[in-house]
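Peer 1: The numbering used here numbers the first residue of the sequence shown as 24 and each following residue consecutively. Where a beta carbon is used, it is the ideal one built from N, C-alpha and C, also for glycine. Got a structure here, written out as structure tokens. Questions coming.
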Amino acid sequence: MLRLVRAEMSSIKKQATLAKFFSSKKRSVEEEKSHEPAKKLHSDPIGAGSGSPSSSPPLATGSSDAGSVKVETSATSTGENTKAGTPTLPDSDEPAKRAVAATKGDPAKLGASAPKDSKILYAEMCNVFNEIEGTSSRLQIVKLCGDFLYSVLLKARKDIVPITYLLINKLGPDYQPGLELGLGEGLLMKTISESCGKSLQQIKARYRELGDLGRIAQEARAVQPTMFKPKPLTTGEVFSNLQAIARSQGKDSQLRKVQLIKRMLTACQGLEAKFLIRSLESKLRIGLAEKSVLVALSKALLTYEHNGKEPSSELVDTAEQKIRDAFCQVPNYQIVIETALEHGIMELDKHCVLTPGIPLKPMLAKPSKSISEVLDRFQGQRFTCEYKYDGERAQVHLLPDGSMRIYSRNGENMTERYPEIRISDFIADPARTHTLILDCEAVAWDKEKNTILPFQVLSTRKRKGVAVEDVKVRVCLFAFDILCYNDEPLITRPLAERRACLERALVPVPGELQLASEVTTMSLDELQHYLDQAVRDCCEGLMVKILEGEESHYEPSKRSRNWLKLKKDYLQGVGDSLDLCVLGAYYGRGKRTGTYGGFLLGCYNQDSGEYETCCKIGTGFSEEMLQTLFDRLSPTAIPTPKAFYVHSESAPPDVWFEPTLLFEVLTADLSLSPVYKAGTSSYGKGISLRFPRFIRLRDDKTPEEATSSEQVVEFYESQSHVS
Ligand code: ATP
24 MLRLVRAEMS
34 SIKKQATLAK
44 FFSSKKRSVE
54 EEKSHEPAKK
64 LHSDPIGAGS
74 GSPSSSPPLA
84 TGSSDAGSVK
94 VETSATSTGE
104 NTKAGTPTLP
114 DSDEPAKRAV
124 AATKGDPAKL
134 GASAPKDSKI
144 LYAEMCNVFN
154 EIEGTSSRLQ
164 IVKLCGDFLY
174 SVLLKARKDI
184 VPITYLLINK
194 LGPDYQPGLE
204 LGLGEGLLMK
214 TISESCGKSL
224 QQIKARYREL
234 GDLGRIAQEA
244 RAVQPTMFKP
254 KPLTTGEVFS
264 NLQAIARSQG
274 KDSQLRKVQL
284 IKRMLTACQG
294 LEAKFLIRSL
304 ESKLRIGLAE
314 KSVLVALSKA
324 LLTYEHNGKE
334 PSSELVDTAE
344 QKIRDAFCQV
354 PNYQIVIETA
364 LEHGIMELDK
374 HCVLTPGIPL
384 KPMLAKPSKS
394 ISEVLDRFQG
404 QRFTCEYKYD
414 GERAQVHLLP
424 DGSMRIYSRN
434 GENMTERYPE
444 IRISDFIADP
454 ARTHTLILDC
464 EAVAWDKEKN
474 TILPFQVLST
484 RKRKGVAVED
494 VKVRVCLFAF
504 DILCYNDEPL
514 ITRPLAERRA
524 CLERALVPVP
534 GELQLASEVT
544 TMSLDELQHY
554 LDQAVRDCCE
564 GLMVKILEGE
574 ESHYEPSKRS
584 RNWLKLKKDY
594 LQGVGDSLDL
604 CVLGAYYGRG
614 KRTGTYGGFL
624 LGCYNQDSGE
634 YETCCKIGTG
644 FSEEMLQTLF
654 DRLSPTAIPT
664 PKAFYVHSES
674 APPDVWFEPT
684 LLFEVLTADL
694 SLSPVYKAGT
704 SSYGKGISLR
714 FPRFIRLRDD
724 KTPEEATSSE
734 QVVEFYESQS
744 HVS
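Written out as structure tokens, the structure is:
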């Protein structure tokens, strides 16, 4: 308890310090006075013999038309500007502070013409949303978005970060807790009804017809008489209010949220209500995926850096790659954008580097169907086979203040879930180890028998607020990679070197923290034998990884062919399971009466931001699981399918749901289908799963982390009869 209170206090202190830091930093950017030379955070490359005491013993070896945006300029609104126009971004913590500190350079160098006191009206942004909504060409969407971002850079550079977040419909980095909106339809209907002069019945009836609360709010506002013309909303204000709504907690929080929404709704004109309500629902549904925003942002920043000159397509590609790489290492738009503005995009890799306390996007593996496929792929290269443990990914960070954080696969802070783990207990040389980042799998552990327990046992552990004395299911961490040591990023070191560093940095303790079992062999027999042994040892199979050379570098966020997963169960099948989002359900009959008997599942199209149906599933569920699913899903039921569900009209489910839950499923094979829609853009027809079987819930993934349409197409194409 005392530890928690202390942690809370220190976090509050850090937030305050960083808020101060950001505001003073912003001032200095705006004043454009600082000419401090570029400073690098991590100036001591390991193994380069710089002699710094923090060098690790473990590594001893080794111009477009901006006029389209109307800008409100007011000499008297500086106060409000700081409050709303430059919202304090949520990333107020120590790691972000350190990361941003590393970017301190010459703010005057780039984009020197940013005006000091401009605001981008929310109406301007809604016009862009509307244009994007009416466009189907991806290139055109990226252009619209890029032109808008560029004009923001010219007119109100300080707004570029909140505006980028509004475009992707997020309020801060994914790893920052408490920034989710996704307000329920009930609350929004009530609020629209109360502030737009319509009865709740009228709103509900219209919703059944339209299925879009945004359009309903827009219609209601359009016919509502107003006495005074409201003061126009600015993007900064909207962003700050959305943050305040998301953060509002505890007693009366519902009331505060409703009041804030009402205040904004009353100021909405034209298209604004539509997009405001959709943002509050957490889905803009204009076909703008985060991937496209990242491309548009790269183009805008590059054009700005080149003072409006159109950069060559080669340069645009390089810039895009640099920004993507930086974002994978530091998934925080504020840090990436500010660093790019201060140092230039081409310098991002020097200044935007792994930072303990900021979870990087983990490297992912490609599925593989047979040992011979693995040998073909890695022909002539040294590779290693590690046990593939069946638990949950755990990225363990040791911070300079000695504290520790554990992040899940999607960057969620899970430290609270594992109160019994203290990474400091396993460090070989505590005096000389200040920071590190490990990639591990957390696995349930049987202390009596000293063996690994199945994943299902781990999933019975509570996710939040776990007290040490209540821990019943023990966990052992299996470390398989080290990504950063004493602030030195290691991801561009060969795996063999990283592994040597891992071995030197840690002192394993059986049943608490162990190094992943591994073998390095080129022999098919040995590989087969090792795979069998892994399965006997309660693992899912093997992870096969290249050991040396550039291909063995750690590639954050990438599903790489340099890591192959070989799961015993899936050999010769499709190669892997799929994680699909539950979009709807069919009522159960017979023994299943009273619960749902089948479910409609979909994959996620990362380009369009839509869910595409790919099968109906009714196999693999225990009665208990069906009850759990009924309890979890029925509160998320919606009267009509979301506009961003791509489905056919034939055999609609009895109930549609908000996208909240993923099922891991296995399939015999995949085939083209007239009914389902996965990957329609590739084949004209959709792809569907044949004989899908439920394996488990994927609570560690967000709906948008469902298997992508692109992956479904890859699975389909990798089947021997197709290829
Ligand atoms: P993916 O992570 O590839 O999207 P997934 O989440 O369904 O898919 P799996 O297909 O089971 O997971 O395989 C990848 C996961 O295996 C990793 O994310 C990691 O959590 C786990 N894992 C277990 N052992 C290892 C290991 N030795 N090396 C890398 N990952 C491992």
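Could you spell out where the alpha helix (DSSP H) holding isoleucine 505 opens and where it closes?
Peer 2: No alpha helix (DSSP H) holds isoleucine 505; the beta strand (DSSP E) holding it covers 497 to 508.
Peer 1: Please name the residue or residues paired with lysine 280 in a DSSP beta bridge.
Peer 2: BP columns for lysine 280 are empty, so no partner.
Peer 1: My understanding is that glycine 534 touches lysine 411, with C-beta atoms under 8 Å, so please give their C-beta distance in whole angstroms.
Peer 2: About 19 Å; that fails the 8 Å criterion.
Peer 1: Cβ atoms of valine 735 and glycine 702: under 7 Å apart, would you say?
Peer 2: Yes, these two residues count as a Cβ contact at 7 Å.
Peer 1: Determine whether the beta carbon atoms of isoleucine 309 and isoleucine 215 lie at a separation below 7 Å.
Peer 2: Not a contact, by the Cβ cut-off of 7 Å.
Peer 1: Pop quiz: isoleucine 268 and leucine 278 are said to be a contact at Cβ under 8 Å. What is the actual Cβ separation, rounded to whole angstroms?
Peer 2: The Cβ separation is near 12 Å, so there is no contact.
Peer 1: Tell me whether glutamate 578 counts as near the ligand ATP, meaning its Cβ is closer than 6 Å to at least one heavy atom of that ligand.
Peer 2: Checking the Cβ of glutamate 578 against the ligand ATP gives no.
Peer 1: Report the rounded CA-to-CA distance for glutamate 737 versus asparagine 585, giving the unit in angstroms.
Peer 2: Near 17 Å, if we compare the C-alpha coordinates of asparagine 585 and glutamate 737.
Peer 1: Locate the alpha helix (DSSP H) running through cysteine 149, then write down its first and last residues.
Peer 2: Residues 145 to 156.
Peer 1: Looking at the ligand ATP, does it come within less than 6 Å of lysine 588, judged from the CB to the closest heavy atom?
Peer 2: Yes.
Peer 1: Is the beta carbon of alanine 296 sitting closer than 7 Å to the one on arginine 244?
Peer 2: Yes; because the gap between Cβ atoms is below 7 Å, this pair is in contact.
Peer 1: On the CB-based measure, 16 or more other CB atoms within 10 Å of its CB, does aspartate 424 come out buried or exposed?
Peer 2: The residue is exposed, with fewer than 16 neighbouring Cβ atoms inside 10 Å.
Peer 1: To the nearest angstrom, how far is it from the Cα of leucine 587 to the Cα of glutamate 571?
Peer 2: If you take the alpha carbons of leucine 587 and glutamate 571, they lie about 15 Å apart.
Peer 1: Figure out for me which residue from Ile569, Tyr619 and Arg713 has the closest Cα to the Cα of tyrosine 637.
Peer 2: The question names tyrosine, yet the displayed sequence has cysteine at residue 637. Looking at the Cα atoms, Arg713 is the closest of the given residues.
Peer 1: Using three-state DSSP, classify histidine 457 as helix, strand or coil.
Peer 2: Three-state DSSP puts histidine 457 in coil, outside helix and strand.
Peer 1: Less than 6 Å separating the Cβ of phenylalanine 478 from some heavy atom of the ligand ATP?
Peer 2: No.
Peer 1: Quick check on this structure: which residue in Ala490, Val567 and Thr515 has the alpha carbon closest to the alpha carbon of glutamate 573?
Peer 2: Of Ala490, Val567 and Thr515, the residue nearest in Cα terms is Thr515.
Peer 1: Looking at the structure shown, is glutamate 409 part of a helix, part of a strand, or coil, going by DSSP?
Peer 2: In this structure, glutamate 409 counts as strand in the three-state DSSP scheme.
Peer 1: Let me know the secondary structure DSSP gives valine 419 once reduced to three states.
Peer 2: Residue state, collapsed to three classes: strand.
Peer 1: Which first and last residues belong to the alpha helix (DSSP H) in which glutamate 646 is found?
Peer 2: Here the alpha helix (DSSP H) through glutamate 646 covers 646 to 656.
Peer 1: For valine 385 and glycine 434, what's the separation of their Cα atoms in angstroms?
Peer 2: Before going further, note that residue 385 is proline rather than valine in the sequence given. Those two C-alpha atoms are separated by around 9 Å.
Peer 1: Give the DSSP bridge partners of cysteine 604, in chain order.
Peer 2: Looking at the DSSP assignment, cysteine 604 forms a beta bridge with Gly625 and Leu685.
Peer 1: With a threshold of 16 other CB atoms inside 10 Å of the CB of glutamine 9, please say whether the residue is buried or exposed.
Peer 2: Any answer about residue 9 is impossible in this case: the structure gives the chain only from 24 up to 746.
Peer 1: Can you tell me which of the three DSSP states alanine 701 falls into?
Peer 2: Alanine 701 falls in the strand class under three-state DSSP.
Peer 1: Check whether the Cβ of phenylalanine 738 lies closer than 6 Å to any heavy atom of the ligand ATP, and answer yes or no.
Peer 2: Result no, Cβ not under 6 Å from the ligand ATP.
Peer 1: By Cβ distance, which residues of its chain are closer than 6 Å to arginine 229, with the 5 residues on each side in sequence left out?
Peer 2: Closer than 6 Å at the Cβ level, and outside the excluded window around arginine 229, lie Ile239.
Peer 1: Would you mind reading off the limits of the beta strand (DSSP E) that contains valine 678?
Peer 2: Looking at the DSSP string, the run of the beta strand (DSSP E) that includes valine 678 is 678 to 680.
Peer 1: With respect to the beta strand (DSSP E) encompassing glutamate 635, which residues constitute its N-terminal and C-terminal limits?
Peer 2: It spans 633 to 640 - the beta strand (DSSP E) in which glutamate 635 sits, taken as one unbroken run.
Peer 1: Might you give, ordered along the chain, the residues of its own chain that have their beta carbon closer than 6 Å to the beta carbon of proline 68, omitting 5 neighbours on each side?
Peer 2: The predicted position of proline 68 is uncertain, since its pLDDT is 27 and thus under 50; a value taken from the coordinates is nonetheless stated next. Within the same chain, proline 68 has no close Cβ partners at all.
Peer 1: Does tyrosine 668 come out as helix, strand or coil in the three-state DSSP assignment?
Peer 2: Here tyrosine 668 sits in strand by DSSP.
Peer 1: Is the CB-CB distance between isoleucine 475 and valine 466 below 7 Å?
Peer 2: Cβ distance < 7 Å, so isoleucine 475 and valine 466 count as in contact.
Peer 1: Thinking C-alpha only, which one of Thr690, Arg719 and Ala729 is nearest serine 711?
Peer 2: Of the candidates Thr690, Arg719 and Ala729, the one whose C-alpha sits nearest the C-alpha of serine 711 is Thr690.
Peer 1: Rounded to a whole number of angstroms, what is the C-alpha to C-alpha distance between leucine 707 and serine 575?
Peer 2: Note that residue 707 is glycine in the sequence shown here, rather than leucine. C-alpha separation (whole angstroms): 37 Å.
Peer 1: Would you verify that the beta carbon of alanine 523 is, or is not, closer than 7 Å to some beta carbon of chain B?
Peer 2: Among the chains of the structure shown, chain B does not appear; only one protein chain is present.
Peer 1: With hydrogens ignored, establish whether the beta-carbon of arginine 411 is closer than 6 Å to any heavy atom of the ligand ATP.
Peer 2: The amino acid at residue 411 is misidentified as arginine; the sequence shows lysine. Flag set: Cβ of lysine 411 near the ligand ATP.
Peer 1: Apply the 10 Å Cβ neighbour rule to alanine 454 and answer buried if 16 or more other Cβ atoms are within range, or exposed otherwise.
Peer 2: Looking at its Cβ environment, which holds fewer than 16 other Cβ atoms inside 10 Å, alanine 454 is exposed.
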